[in-house]
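Residues 28 to 272 (our numbering) are what the sequence shown spells out, left to right.
Every residue, glycine too, gets a C-beta built ideally from N, C-alpha and C.
Bear in mind the structure is a predicted one, so any value in this text is a computation, not a measurement.
Working notes, structure below.
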Amino acid sequence: MIFSLFGKRKQMKRGPLLKVDLHSHLIPGIDDGSRNREESLSLLKGMKALGYEKVITTPHIMSDAYRNTPEIIIEGLQALRKASKEEGIEMEIEAAAEYYLDDGFYDLLHKGEILSIGGKYLLFETSYISKPIQLEEMIFEISSAGYTPLMAHPERYRYIKDPLGEFKRFKELGVLFQVNLNSFGGHYGKGAKNHADLLSKEGMIDFLGSDVHHKKQIDTLSEVFLSEAYRTIFENNTIRNDELI
Ligand SMILES: [Fe+2]
């Protein structure tokens with residue numbers, strides 16, 4: 028599908044390039060993303076072909092499923108950089124993490140064991156189905172620890188029933204939003220697309236993420252970059268990805 032940019036769809040104009048991606052699962056074998064070295068290299072090549080120059084990859088940290096530590100992630104990062112270099116892929120690779128807000132997260136925050144994006148943004152996610160009772164308190168704790176809370180894919184949480192009201196409340200609490208690019212193409216369903224379009228229209232998007240776990244998402248991203256919805260984002264929102272270069 029990537030080749031369609033230059034082939035049968037060349038009449039379609041691609042929207043602005045993003046140099047930096049800040050949400051993906053490219054370190055092999057430590058979460059539900061890439062399963063092995065070959066898959067990681069293929070994903071990195073895919074990101075390069077989409078125009079990215081730098082990826083800040085963000086393995087899951089979740090007490091019940093992915094007990095990743097900074098040591099595990101940094102070790103994985105170093106191996107990935109080495110493999111990428113050997114393969115001749117010109118891509119700057121950094122790592123942070125995507126934190127699931129559970130009890131374990133409190134401990135990590137209090138111990139100071141946090142991998143943030145650019146030393147500033149703490150990327151977090153929650154359950155898709157039920158809103159954590161202490162969500163506002165956790166957001167407050169993140170800010171108190173000196174980080175800017177960055178909510179991963181706000182459009183995907185199905186517990187959000189009053190989108191405009193609830194999104195505005197998060198913004199009042201100092202939360203920034205990272206919307207998944209693939210939401211605009213309907214990859215996560217109609218609800219997520221509607222909420223992504225709403226966030227775009229309201230100018231509430233701060234960062235755009237690939238959230239790439241596997242190859243299919245690279246293919247769907249190449250379609251999103253050709254879409255009207257993608258170009259519209261840049262009319263209404265100040266997208267900050269490339270500040271992270
Ligand atoms: Fe993710």
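Original post:
Does the beta-carbon distance from residue 180 to residue 224 come in below 8 Å?
Top reply: Sequence index remark: in the sequence shown, residue 180 carries index 153 (1-based). Sequence index remark: in the sequence shown, residue 224 carries index 197 (1-based). No, these two residues do not count as a Cβ contact at 8 Å.
Original post:
Is residue 61 helix, strand or coil by DSSP?
Top reply: Along the sequence shown, one-based indexing puts residue 61 at 34. It is coil, neither helix nor strand.
**OP:** Pull up the distance between the alpha-carbon of residue 168 and that of residue 201, whole angstroms please.
**Re:** Walking along the sequence shown from the start, residue 168 turns up at place 141. Walking along the sequence shown from the start, residue 201 turns up at place 174. Cα to Cα, residue 168 sits roughly 12 Å from residue 201.
Original post:
Between which two residues does the alpha helix (DSSP H) containing residue 46 stretch?
Top reply: Counting from one through the sequence shown, the residue named residue 46 turns up at place 19. Boundaries for residue 46: no alpha helix (DSSP H) harbours it, and the DSSP string shows neither H nor E there.
Original post:
Mind checking residue 244: buried by the 16 CB within 10 Å criterion, or exposed?
Top reply: The count along the sequence shown starts at 1 and reaches residue 244 at position 217. Its Cβ being crowded by 16 or more others within 10 Å, residue 244 is buried.
Original post:
Is any heavy atom in ligand 1 found nearer than 7 Å to the beta carbon of residue 124?
Top reply: Working through the sequence shown from its first residue, we reach residue 124 at position 97. For ligand 1, not one heavy atom lies less than 7 Å from the Cβ of residue 124.
Original post:
What do you reckon, are the CB atoms on residue 77 and residue 269 nearer than 8 Å?
Top reply: Stepping through the sequence shown from its first residue, residue 77 is reached at position 50. Stepping through the sequence shown from its first residue, residue 269 is reached at position 242. It is not a contact, given that the beta carbons lie outside the stated cut-off.
Subject >> Cβ separation of residue 124 and residue 142, assumed to be a contact under 8 Å, to the nearest whole Å >> reply: Along the sequence shown, read from residue 1 onward, the residue named residue 124 stands at position 97. Along the sequence shown, read from residue 1 onward, the residue named residue 142 stands at position 115. 4 Å between Cβ atoms; contact.
Subject >> Residues near residue 126 by beta carbon distance below 6 Å, same chain, minus five either side >> reply: Taking the first residue of the sequence shown as 1, we reach residue 126 at position 99. The beta carbon of residue 126 is closer than 6 Å to those of 88, 132 and 151 in its chain, skipping five residues each way along the sequence.
Original post:
Does ligand 1 have even one heavy atom less than 7 Å from the beta-carbon of residue 241?
Top reply: For the purposes of this step, residue 241 is taken as the residue at position 214 of the sequence shown. In terms of side-chain proximity, the C-beta atom of residue 241 is found no nearer than 7 Å to any non-hydrogen atom of ligand 1.
Original post:
Any idea which residues DSSP pairs residue 236 with across the strands?
Top reply: One-based indexing of the sequence shown puts residue 236 at position 209. Answer by DSSP bridge pairing, in chain order: 207.
Original post:
Looking only at DSSP bridge pairs, what is residue 176 linked to?
Top reply: Indexing the sequence shown from 1 puts residue 176 at position 149. In the DSSP output, where bridge partners are listed per residue, residue 176 has 149.
Original post:
From 109, 116, 41 and 104, pick the residue whose C-alpha is nearest to that of residue 73; which is it?
Top reply: Your numbering for residue 73 matches position 46 in the sequence shown. Nearest option by C-alpha distance: 116.
**OP:** Can you have a look at residue 209 and say buried or exposed, based on whether 16 or more other CB atoms are within 10 angstroms of its CB?
**Re:** By one-based count along the sequence shown, residue 209 stands at place 182. Its Cβ being crowded by 16 or more others within 10 Å, residue 209 is buried.
Original post:
Since residue 39 contacts residue 82 with CB under 8 Å, what's their CB separation in whole angstroms?
Top reply: Here residue 39 refers to the residue found at position 12 of the sequence shown. Here residue 82 refers to the residue found at position 55 of the sequence shown. By a beta-carbon distance limit of 8 Å, residue 39 does not contact residue 82. Their separation comes to about 25 Å.
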